[in-house]
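Peer 1:
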Amino acid sequence: MTIKRCDWVTADPLYIAYHDTEWGQPLYDDRALFELLMLEGMQAGLSWYTVLQKRERFRIVFDGFDPEKISAYDESKIAELMQDAGIIRNRLKILSVINNARVYQEIIREEGSFSNYLWSFVGGTPVLNHWKSRAEVPASTPQSDAMSSALKKKGMKFVGTTICYAFMQASGMVNDHTLDCFCRSQDTSLPL
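Under the numbering used here, the first residue of the sequence shown is numbered 155, with each subsequent residue one higher.
(1) Just to confirm my understanding: we take S298, look at its own chain, exclude 5 residues before and 5 after, and list those with CB closer than 7 angstroms. What are they?
(2) By how many angstroms is the C-alpha of V281 removed from the C-alpha of R338?
(3) From the DSSP output, which residues share a beta bridge with V281?
(4) Leaving out five residues on either side along the sequence, give the residues of the same chain with a beta carbon under 8 angstroms from the beta carbon of R288.
(5) Extract the residue ranges of the alpha helix (DSSP H) inside the stretch 183-208, only unbroken runs of 4 or more that lie entirely within it.
(6) On the DSSP letters alone, give me the boundaries of the alpha helix (DSSP H) that R256 sits inside.
(7) Could you check the C-alpha separation between D174 and W202 for me, to the nearest Å?
(8) Out of curiosity, what's the CA-to-CA distance linking P292 and H284?
(9) Is G278 close to chain E? Criterion is C-beta to C-beta, closer than 8 angstroms.
(10) From T156, R211, A165 and I170, pick the residue whose C-alpha is nearest to that of Q237; which is it?
(11) By the three-class DSSP mapping on this structure, what secondary structure does C378 have?
(12) Please go through the same chain and pick out, in chain order, the residues whose beta-carbon is closer than 8 angstroms to the beta-carbon of L190, but skip the five residues on each side of it.
(13) Just confirm the distance between the C-beta atoms of N253 and G309, as a whole number of angstroms; I'd bet it's less than 8 angstroms.
(14) Contact between the stretch 213-233 and the stretch 246-265: three or more CB pairs below 8 angstroms?
(15) How about R263 and F219: are their beta carbons less than 8 angstroms apart?
(16) Taking only three categories from DSSP, how would you classify Y271?
(17) Does the Cβ of M327 have 16 or more other Cβ atoms within 10 Å, making it buried, or fewer, making it exposed?
(18) Provide the residue span of the alpha helix (DSSP H) that contains P296, from first to last.
(19) Can you tell which of P221, S302 and F216 has the C-alpha that lies nearest to the C-alpha of Y258?
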């Protein structure tokens, strides 16, 4: 029996594992959400598969995406990151992670929780879409527009509406597994 997945998934085991066990699963941990949002920003102009292949190295060189450590990065650390072939060496994207770590800390101080703040853009509950094919899935929504606008207003970079929507899909704020995907039928509590 062939397992039917969303049609964007390739035959690569890394991509299959990501789709089957992570993508679309509700994520509530503050630091995990920060990591995912920063990786989505790193993807801008590239494929998610490129980021996925480099994710473990990103975790190492960005200190497990610890915002407190990242916010203290200086020019020597930036130079070190720019020399690391295991990550995406785009200075603006690297600087955005450092900037965004500082904004993250401000959001925690103001809101108490990064997770609660981000989940508020979908009312605290995953949005369950009913797409028959990838062609129906939008690149952005009013919710991702609102998230993007709010994050930019707070000072975050690389958080455009398309990046925010991809983040919402990946973090399970939005369930965009197509109706024929086995992930959709695994959860019997979800209406098909």
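The C-beta atom is built at its ideal place from N, Cα and C for all residues, glycine as well.
Peer 2: Concretely, from the data shown:
(1) Counting only Cβ-Cβ distances below 7 angstroms, and skipping sequence neighbours, we find T315, C318, Y319 and M322.
(2) The alpha-carbon separation between R338 and V281 amounts to approximately 13 angstroms.
(3) V328
(4) Once the five neighbours on either side are set aside, the close Cβ partners of R288 are C160, D161, W162 and T332.
(5) 184-197
(6) R245 to E265
(7) 15 angstroms
(8) 12 angstroms
(9) Absent from the structure is chain E; it holds one protein chain and no more.
(10) Minimum Cα distance to Q237 is reached at R211.
(11) What is shown of the chain runs 155 to 346, which leaves residue 378 out entirely.
(12) Cβ within range, chain order: L181, F321, A324 and S325.
(13) 7 angstroms between Cβ atoms; contact.
(14) yes
(15) no
(16) helix
(17) The residue in question, M327, is buried, as its Cβ has 16 or more Cβ neighbours within 10 Å.
(18) Its alpha helix (DSSP H) spans residues P296 to K308.
(19) Of P221, S302 and F216, the smallest CA-CA separation from Y258 is found for P221.
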